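Single-structure report; data block below.
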Amino acid sequence: MVSVIDIINVGLFAAAIRMATPVAYASLGGIFSERAGVVNVGLEGMMLMGAFSGVLTSYYTGNPWLGVGGAILVGGALGLLHAVLTVKFGGNQIVSGTGINLFALGFTAYMSQTIWGSRGASKSVQGLGEISFSPLKGIPLIGDALNTMLSYKPLVYVMFVVVVLSYIVLFKTPLGLRIRAVGEHPAAADTAGINVYRTKYICLVLCGMLAGLGGVFLSLSNLSLFVLGMTGGRGFIALAAMILGGWKPLGALAASLLFGFTDALQMRLQSLGILPAQIILAIPYILTVIVLAGFVRKRIPPSDYKPYLKE
Amino acid sequence: MSYRKFGSTVRRLLLGAWSILWAGLRGAIPQAIAIFAAFLVGAIVLLATGHSPIDAYGTVLVGAFGDSYHIGQTLTQATPIIFTSLAFLFAFKCGLFNIGAEGQLLIGGFAAAAIGISFAGLPVYIHLPLALAAGAGGGALWGLIPGVLKAKLDAHEVITTMMLSYVALYVTSYMVNYPFKEPGSWVAQTVFVVPSAELPRILPPTQLSGSIVVALVMVSLIAYVLERTTLGYEVRAIGLNPSAARSGGINVRRGMILALVISGALAGLGGAGEILGVHRRFIDGFSPGYGWDGLAVALIGGLNPFGVVLASILFGALRSGGMEMNRALGVPLDVVFLIQALVVLFVAAPRLIRYLLKRGGYKW
Numbered sequence: 020m021v022s023v024i025d026i027i028n029v030g031l032f033a034a035a036i037r038m039a040t041p042v043a044y045a046s047l048g049g050i051f052s053e054r055a056g057v058v059n060v061g062l063e064g065m066m067l068m069g070a071f072s073g074v075l076t077s078y079y080t081g082n083p084w085l086g087v088g089g090a091i092l093v094g095g096a097l098g099l100l101h102a103v104l105t106v107k108f109g110g111n112q113i114v115s116g117t118g119i120n121l122f123a124l125g126f127t128a129y130m131s132q133t134i135w136g137s138r139g140a141s142k143s144v145q146g147l148g149e150i151s152f153s154p155l156k157g158i159p160l161i162g163d164a165l166n167t168m169l170s171y172k173p174l175v176y177v178m179f180v181v182v183v184l185s186y187i188v189l190f191k192t193p194l195g196l197r198i199r200a201v202g203e204h205p206a207a208a209d210t211a212g213i214n215v216y217r218t219k220y221i222c223l224v225l226c227g228m229l230a231g232l233g234g235v236f237l238s239l240s241n242l243s244l245f246v247l248g249m250t251g252g253r254g255f256i257a258l259a260a261m262i263l264g265g266w267k268p269l270g271a272l273a274a275s276l277l278f279g280f281t282d283a284l285q286m287r288l289q290s291l292g293i294l295p296a297q298i299i300l301a302i303p304y305i306l307t308v309i310v311l312a313g314f315v316r317k318r319i320p321p322s323d324y325k326p327y328l329k330e
Numbered sequence: 035m036s037y038r039k040f041g042s043t044v045r046r047l048l049l050g051a052w053s054i055l056w057a058g059l060r061g062a063i064p065q066a067i068a069i070f071a072a073f074l075v076g077a078i079v080l081l082a083t084g085h086s087p088i089d090a091y092g093t094v095l096v097g098a099f100g101d102s103y104h105i106g107q108t109l110t111q112a113t114p115i116i117f118t119s120l121a122f123l124f125a126f127k128c129g130l131f132n133i134g135a136e137g138q139l140l141i142g143g144f145a146a147a148a149i150g151i152s153f154a155g156l157p158v159y160i161h162l163p164l165a166l167a168a169g170a171g172g173g174a175l176w177g178l179i180p181g182v183l184k185a186k187l188d189a190h191e192v193i194t195t196m197m198l199s200y201v202a203l204y205v206t207s208y209m210v211n212y213p214f215k216e217p218g219s220w221v222a223q224t225v226f227v228v229p230s231a232e233l234p235r236i237l238p239p240t241q242l243s244g245s246i247v248v249a250l251v252m253v254s255l256i257a258y259v260l261e262r263t264t265l266g267y268e269v270r271a272i273g274l275n276p277s278a279a280r281s282g283g284i285n286v287r288r289g290m291i292l293a294l295v296i297s298g299a300l301a302g303l304g305g306a307g308e309i310l311g312v313h314r315r316f317i318d319g320f321s322p323g324y325g326w327d328g329l330a331v332a333l334i335g336g337l338n339p340f341g342v343v344l345a346s347i348l349f350g351a352l353r354s355g356g357m358e359m360n361r362a363l364g365v366p367l368d369v370v371f372l373i374q375a376l377v378v379l380f381v382a383a384p385r386l387i388r389y390l391l392k393r394g395g396y397k398w
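Residue numbers (the working numbering), protein chains in the order written: chain V, 20 to 330; chain H, 35 to 398.
Next comes the structure, spelled out in structure tokens:
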């Protein structure tokens, strides 16, 4: 007989935070993009390319931190591509995003075979270490639990910092005000002397960088290798988290944690053979549809995503 | 119908088809350039990784169209994409982005399989249409949900269709892993459908099935509906300007729901065709992303029903020819998916192509 303690314990919450981290990074990216008035369904592809380039860099340099840098760079480059296509040339945002997703899938699979000779997975590379709180284990009763709850790979801590920074930038600084103005009313922002194009470029590059970070967390923090299609729809879950969180960093973090929790729970229940994984895996998507329909609380996108072309 | 009336109807239909075809040809210039540019970038990638692009592309071409067997395989690969791109196109004409064709295809495929594996003993002329109708119905249901949510509650269809795609993925995966799983099998799949529900293979030994006939009928039907019926007129009017359509007395909400329902039905029919014609059973994960290809192909086909057929054949040819290239030369198959993605990226921004042409000194 499986007891509740086997399923719901400190380890579950720690796993939930680990699962939430890549989603939270990408959904923060999505917030910057959408606040500036650009839909980014290409988050999935940007994450995948981040995951791949992180492993590639670590493979050639042996330094996982350079891998993180590589992932940020490549993610940013894809953000720039999305910006050039949709902002400068007024292309369709959804088509461009879909193109980025298809590109990432094809490119990583092709390169993985060319470099490692295997379509499915790369060779193992140097991954990121974990920050340990093992001295806390000495504390009676709660020591072990504290250690489990506090010990993560560095990018988990960075994520919480980035959430707070994003909140401050978006809602407490002139730059944030400009970003939101550009998203909500580009013509008015233009009249007020804000450089609409530059603001959108900044946001999209930032978005790509954050998605790249989310991707490299999957490859260098979790597994230390690249696996074909390893993002597995997390880019779309990130979009869901962004909507659920009302296009706000703290809200997106809360939604990511919720999804991380369902993901961690799903894995446990599956390994114990209690509930089919598919049922739980579908929950975030169903929840998003319900929320978007306004059955819980109406969520209205901060912009109408029309390309803004200057005369 | 008198002979003369029949003749004039045929003439009108032919004229209509020609006008659509001509408009498509004229509008195909940016698509042609996008395809060319994508192959060019693909060639650079091939060169950079030590493969000869001429050999690779040559093998793709021969592998796609070299003989009747390869042509059959190319058309087999193109068939589901014709359905999903037609699905995307129809909703798009109404100004709606149905990017959930993948989910509609899966639900349709599963519904067709569910009917196909039951009702043994029914005659073919009842069982097969019933299974196909179930496929269309399943897809239509998966289009109805985002349609109603869009029309009544203003929930953005891009996100709802995308999310429902994943729901469909997990729902069908659950179904074939548990209640509908073939007993004793290690693979998540249903049992084979009853022969009376099978779509006949029309070019053995290839897997080309009657599904392509259904697809081509649908292409003509959708072209006719869009150009020559009230429904098509309303759908296009809503797509061009919803508020003007509303002032003009068109029921915009009803039109949007109908557009997504029909769009979903088309994708669902495509799923049914794959199940009843190619696999003859529902296998978990049988679609390698036909829904996403549909979006790409609809745009490459210039959002024209006949252009979509050509673009689907291009994608089918890349896939089947790519397999041949992989077998013969050892070049990873994924380079063809990379080329497809590049076409999408170039098509995404027609202004980019115009800009490049201008930089190159051409006026267009």
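Note that the Cβ used here is the ideal one computed from N, Cα and C, for glycine as well.
Treat the numbers as computed from the prediction; the structure is a model and nothing was measured.
Next item on the list: Could you name the residues of the same chain whose beta carbon sits closer than 8 Å to that of H:VAL79, not counting the 5 residues immediately before and after it, in chain order?
Entry: Taking the second sequence and counting its residues from 1, one reaches residue 79 of chain H at position 45. Excluding sequence neighbours, H:VAL79 sits near VAL369 and LEU372.
Margin query: Quick check on the DSSP output: what are the complete alpha helix (DSSP H) runs of length 4 or more inside the segment 254-323 of chain V, in order along the chain?
Written below: Runs found: 268-291, 296-300 and 302-311.
Item checked: Contact set between the segment 261-292 of chain V and chain H, restricted to residues whose Cβ is under 9 Å from the partner -> So the close ones are ILE262.
Item checked: Delimiting residues of the alpha helix (DSSP H) encompassing V:PHE179 -> Residue mapping note: residue 179 of chain V aligns to position 160 of the first sequence, counting from 1. First-last of the alpha helix (DSSP H) with V:PHE179: 173-191.
Check: Is H:PHE316 closer than 8 Å to H:GLY147 when the C-beta atoms are compared?
Finding: Along the second sequence, one-based indexing puts residue 147 of chain H at 113. Along the second sequence, one-based indexing puts residue 316 of chain H at 282. In the sequence as displayed, the identity of residue 147 of chain H is Ala instead of Gly. Here H:ALA147 is near H:PHE316, since their CB atoms are less than 8 Å apart.
Check: Three-state secondary structure (DSSP) at V:ARG54?
Finding: Here residue 54 of chain V refers to the residue found at position 35 of the first sequence. Helix, per DSSP.
Note to self: Can you find the residues in the same chain that come closer than 6 Å, C-beta to C-beta, to H:ILE149, ignoring five residues on each side of it along the sequence?
What the structure shows: In the second sequence, residue 149 of chain H corresponds to position 115, counting from 1. The residues are LEU164, ALA165 and ALA168.
Notebook entry, point to check: Relative to the C-alpha of H:ALA332, which residue among H:PHE124, H:GLY302 and H:GLU358 is closest?
Noted result: Looking up residue 332 of chain H in the second sequence gives position 298. The residue with the shortest Cα to Cα distance from H:ALA332 is H:PHE124.
Check: At which residue ranges does the segment 248-282 of chain H contain complete beta strand (DSSP E) runs of 3 or more residues, listed in the order of the chain?
Finding: Complete beta strand (DSSP E) runs here, min 3: none at all.
Check: Going straight from the alpha carbon of H:LEU48 to that of H:ILE256, what length do you get?
Finding: Position 14 of the second sequence, counting from 1, holds the residue named residue 48 of chain H. Position 222 of the second sequence, counting from 1, holds the residue named residue 256 of chain H. Spanning the two alpha carbons is a distance of roughly 15 Å.
Check: Between the segment 199-229 of chain V and chain H, which residues of the former have a C-beta closer than 9 Å to a C-beta of the latter?
Finding: Listed in sequence order: no entries.
Note to self: Considering only their Cβ atoms, is the gap separating H:GLY134 from H:PRO180 smaller than 8 Å?
What the structure shows: As a working note, residue 180 of chain H is residue 146 in the second sequence. As a working note, residue 134 of chain H is residue 100 in the second sequence. Yes, the Cβ-Cβ distance between H:PRO180 and H:GLY134 is below 8 Å.
Check: Whole alpha helix (DSSP H) runs in the segment 112-155 of chain H with 4 or more residues, listed along the chain?
Finding: For the segment 112-155 of chain H, whole alpha helix (DSSP H) runs of length 4 or above, ordered along the chain, are 135-151.
Margin query: Quick check: what's the CA-CA separation for H:ALA121 versus V:VAL29?
Written below: Position 87 of the second sequence, counting from 1, holds the residue named residue 121 of chain H. Position 10 of the first sequence, counting from 1, holds the residue named residue 29 of chain V. C-alpha separation (whole angstroms): 47 Å.
Check: Which residues does DSSP pair with H:GLN223 in a beta bridge?
Finding: Taking the second sequence and counting its residues from 1, the one referred to as residue 223 of chain H is at position 189. Bridge pairing for H:GLN223: H:ILE317 [DSSP].
Checklist line | Cα-Cα separation between H:ALA383 and H:ALA66, rounded to whole angstroms | finding: Walking along the second sequence from the start, residue 383 of chain H turns up at place 349. Walking along the second sequence from the start, residue 66 of chain H turns up at place 32. In a straight line, the C-alpha of H:ALA383 is about 14 Å away from that of H:ALA66.
Notebook entry, point to check: Per DSSP, what kind of secondary structure is H:GLY41 in: helix, strand or coil?
Noted result: Position 7 of the second sequence, counting from 1, holds the residue named residue 41 of chain H. Correct three-state label for H:GLY41: helix.
Check: Which residues of chain V have a Cβ atom closer than 8 Å to the Cβ of H:PRO366, listed in chain order?
Finding: By one-based count along the second sequence, residue 366 of chain H stands at place 332. Those are ALA128, TYR129, GLN132, THR133 and ARG138, listed as they occur along chain V.
Check: Taking the DSSP output, what are the residues bridged to H:SER243?
Finding: As a position in the second sequence, residue 243 of chain H is number 209, starting the count at 1. When beta bridges are read from the DSSP output, H:SER243 appears opposite H:ARG235.
Next item on the list: Determine whether the Cβ of H:ILE133 lies closer than 8 Å to any Cβ atom of chain V.
Entry: Taking the second sequence and counting its residues from 1, the one referred to as residue 133 of chain H is at position 99. Contact with chain V is found for H:ILE133, since one of that chain's Cβ atoms lies less than 8 Å from the residue's Cβ.
Check: Can the beta-carbon of H:LEU183 be found closer than 8 Å to that of H:ALA174?
Finding: The residue you call residue 183 of chain H lines up with position 149 of the second sequence. The residue you call residue 174 of chain H lines up with position 140 of the second sequence. Between H:LEU183 and H:ALA174, the CB-CB gap reaches or exceeds 8 Å.
Item checked: Bridge partners - V:VAL246, DSSP secondary structure assignment -> Looking up residue 246 of chain V in the first sequence gives position 227. Beta-bridge pairing links V:VAL246 to V:ALA140.
Note to self: For the structure I just gave you, are there three or more beta carbon pairs, one from the segment 118-130 of chain V and one from the segment 54-66 of chain V, closer than 8 Å?
What the structure shows: Touching, yes.
Notebook entry, point to check: Any Cβ of chain H within less than 8 Å of the Cβ of V:VAL42?
Noted result: Position 23 of the first sequence holds residue 42 of chain V. When Cβ-Cβ separations below 8 Å define contact, V:VAL42 makes no contact with chain H.
Next item on the list: Put V:LEU328 into one of helix, strand or coil per three-state DSSP.
Entry: For the purposes of this step, residue 328 of chain V is taken as residue 309 along the first sequence, with counting starting at 1. In this structure, V:LEU328 counts as coil in the three-state DSSP scheme.
Next item on the list: Report the rounded CA-to-CA distance for V:PHE108 versus H:MET209, giving the unit in angstroms.
Entry: As a first step, residue 108 of chain V is located in the first sequence; it is residue number 89 there, counting from the start. As a first step, residue 209 of chain H is located in the second sequence; it is residue number 175 there, counting from the start. Distance between the alpha carbons of V:PHE108 and H:MET209: 45 Å.
Margin query: For a test of the three-state rule: what should DSSP assign to H:TRP398, helix, strand or coil?
Written below: Reading the second sequence from its first residue, position 364 is the one you call residue 398 of chain H. Confidence is the limiting factor: at H:TRP398 the pLDDT is only 46, short of 50, which leaves the residue's position unreliable, though a coordinate-based value still follows. Residue state, collapsed to three classes: coil.
Checklist line | V:ASN214 versus V:TRP266, V:ARG199 and V:LEU189, residue with shortest Cα-Cα distance | finding: For the purposes of this step, residue 214 of chain V is identified with residue 195 of the first sequence, where counting begins at 1. Of the candidates V:TRP266, V:ARG199 and V:LEU189, the residue whose Cα lies closest to the Cα of V:ASN214 is V:ARG199.
Check: In chain order, what residues of the segment 96-117 of chain V put their CB closer than 9 Å to some CB of chain H?
Finding: So the list reads LEU100, VAL103, LEU104, THR105, LYS107, PHE108, GLY109, GLY110, ASN111, GLN112, ILE113, VAL114, SER115, GLY116 and THR117, given in the order they occur along the chain.
Margin query: Quick check: V:LEU2 and V:LEU223, are their CB atoms within less than 8 Å of each other?
Written below: There is simply no residue 2 of chain V to check, as chain V begins at 20 and stops at 330 in what is shown.
Next item on the list: Could you tell me whether the Cβ of H:ASN338 comes closer than 8 Å to any Cβ of chain A?
Entry: Among the chains of the structure shown, chain A does not appear; the protein chains present are V and H.
Check: With a Cβ-Cβ cutoff of 8 Å, do V:PRO41 and V:PHE236 count as a contact?
Finding: As a first step, residue 41 of chain V must be located in the first sequence, where it is residue number 22. As a first step, residue 236 of chain V must be located in the first sequence, where it is residue number 217. Their beta carbons are under 8 Å apart, which means V:PRO41 touches V:PHE236 by this criterion.
Item checked: Candidates V:TYR216, V:ARG54, V:ILE36 and V:ARG37, of which the one nearest V:SER185 by Cα -> Within the first sequence, numbered from 1, the residue matching residue 185 of chain V stands at position 166. Measuring from the Cα of V:SER185, the nearest candidate turns out to be V:ARG54.
Item checked: Helix, strand or coil at V:LEU31 according to DSSP, with G and I counted as helix -> As a first step, residue 31 of chain V must be located in the first sequence, where it is residue number 12. Helix, per DSSP.
Check: Taking contact to mean at least 3 C-beta pairs separated by less than 8 Å, is the segment 256-268 of chain H in contact with the segment 100-107 of chain H?
Finding: Segments in contact, no.
Margin query: Is there a Cβ of chain H sitting closer than 8 Å to that of V:VAL308, yes or no?
Written below: Locating residue 308 of chain V in the first sequence gives position 289, counting from the first residue. The beta carbon of V:VAL308 falls within 8 Å of a beta carbon belonging to chain H, placing the residue at that interface.
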